[in-house]
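Asker: Numbering (UniProt numbering), first residue to last: 1 to 172. Glycine included, each C-beta is placed from N, C-alpha and C at the ideal position.
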């Protein structure tokens, strides 16, 4: 049985459906049908503008974001697809906090829905620090189909880790 490390928390029936697609070498094809496009947000500057527009649309009263960038050092092995940080520095007599959002570089080549899911997740951390009920309510407020997209994103990560012989459809 193929271990599905990104899908371990999901019911066995869903995991079995993914395993069947992998065995039939159709997982990439399935994802390409559901998410056919690729986004245009390729630079850190464009990513900052994208995140800022989503923040303005959904979280007007949340703290500002000082920096947004793609980070090639974020590793899915450590389960970090995106990262939000608040760095506090002393400047003179004041303590300044800078908020940063980093998105794993692998999302440069992903469907726009996956990038949006990661960004919504990280933006939600501006208001809710823990992954609790309030956090996921905020995510679904910003993105009503958040839970389905998160599942599909985990399926995408599973597909990205498949050996080239298994399901090479659509891999770059």
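For residue 134, which residues from the same chain have a beta carbon less than 7 Å from its beta carbon, with the 5 sequence-adjacent residues on both sides left out?
Answerer: To locate residue 134, count along the chain shown from 1; it is residue 134. Correct list, in chain order: 128.
Asker: Check this for me: beta carbons of residue 158 and residue 7, under 8 Å apart or not?
Answerer: Residue numbering aside, residue 158 sits at position 158 when the chain shown is read from its first letter. Residue numbering aside, residue 7 sits at position 7 when the chain shown is read from its first letter. Yes, the Cβ-Cβ distance between residue 158 and residue 7 is below 8 Å.
Asker: Can you tell me where the alpha helix (DSSP H) with residue 152 in it begins and where it stops?
Answerer: Residue numbering aside, residue 152 sits at position 152 when the chain shown is read from its first letter. Segment 146-160, the alpha helix (DSSP H) holding residue 152.
Asker: Residue 50 to residue 41, Cα distance in whole Å?
Answerer: Here residue 50 refers to the residue found at position 50 of the chain shown. Here residue 41 refers to the residue found at position 41 of the chain shown. C-alpha separation (whole angstroms): 8 Å.
Asker: Starting from the C-beta of residue 119, find all residues in its chain whose C-beta is less than 8 Å away, skip the five residues before and the five after it, and write them out in chain order.
Answerer: Counting from one through the chain shown, the residue named residue 119 turns up at place 119. For residue 119, where only same-chain residues beyond five positions count, the Cβ hits under 8 Å are 50, 51, 54, 82, 101, 103.
Asker: By the three-class DSSP mapping on this structure, what secondary structure does residue 41 have?
Answerer: The residue you call residue 41 lines up with position 41 of the chain shown. Coil at residue 41, not helix or strand.
Asker: Just the C-alpha distance for residue 30 and residue 17, rounded to the nearest angstrom, thanks.
Answerer: Counted from its first residue, the chain shown places residue 30 at position 30. Counted from its first residue, the chain shown places residue 17 at position 17. If you take the alpha carbons of residue 30 and residue 17, they lie about 11 Å apart.
Asker: Within this structure, are the beta carbons of residue 156 and residue 109 separated by less than 8 Å?
Answerer: Within the chain shown, numbered from 1, the residue matching residue 156 stands at position 156. Within the chain shown, numbered from 1, the residue matching residue 109 stands at position 109. Contact flag unset, no.
Asker: Kindly indicate which three-state DSSP category residue 2 falls into: helix, strand or coil?
Answerer: Mapped onto the chain shown, residue 2 falls at position 2. If DSSP states are grouped into helix, strand and coil, residue 2 belongs with coil.
Asker: When you compare the CB positions of residue 20 and residue 2, do they come within less than 8 Å of one another, or not?
Answerer: For the purposes of this step, residue 20 is taken as residue 20 along the chain shown, with counting starting at 1. For the purposes of this step, residue 2 is taken as residue 2 along the chain shown, with counting starting at 1. Result no, Cβ atoms of residue 20 and residue 2 do not sit closer than 8 Å.
Asker: Hey, residue 39 and residue 123 are a contact pair by Cβ (cut 8 Å); roughly how many whole angstroms apart?
Answerer: By 1-based counting over the chain shown, the position of residue 39 is 39. By 1-based counting over the chain shown, the position of residue 123 is 123. The Cβ separation is near 17 Å, so there is no contact.
Asker: By Cβ distance below 7 Å, which residues in the same chain neighbour residue 63 in space, the five residues on each side in sequence not counted?
Answerer: As a position in the chain shown, residue 63 is number 63, starting the count at 1. 99, 126.
Asker: Please name the residue in 152, 59, 144 whose C-alpha comes closest to that of residue 14.
Answerer: Taking the first residue of the chain shown as position 1, residue 14 is located at position 14. For the residues 152, 59, 144, the minimum Cα distance to residue 14 belongs to 152.
Asker: Among all the DSSP beta bridges, which residues are the ones paired with residue 19?
Answerer: Within the chain shown, the letter at position 19 stands for residue 19. None, per the DSSP bridge assignment.
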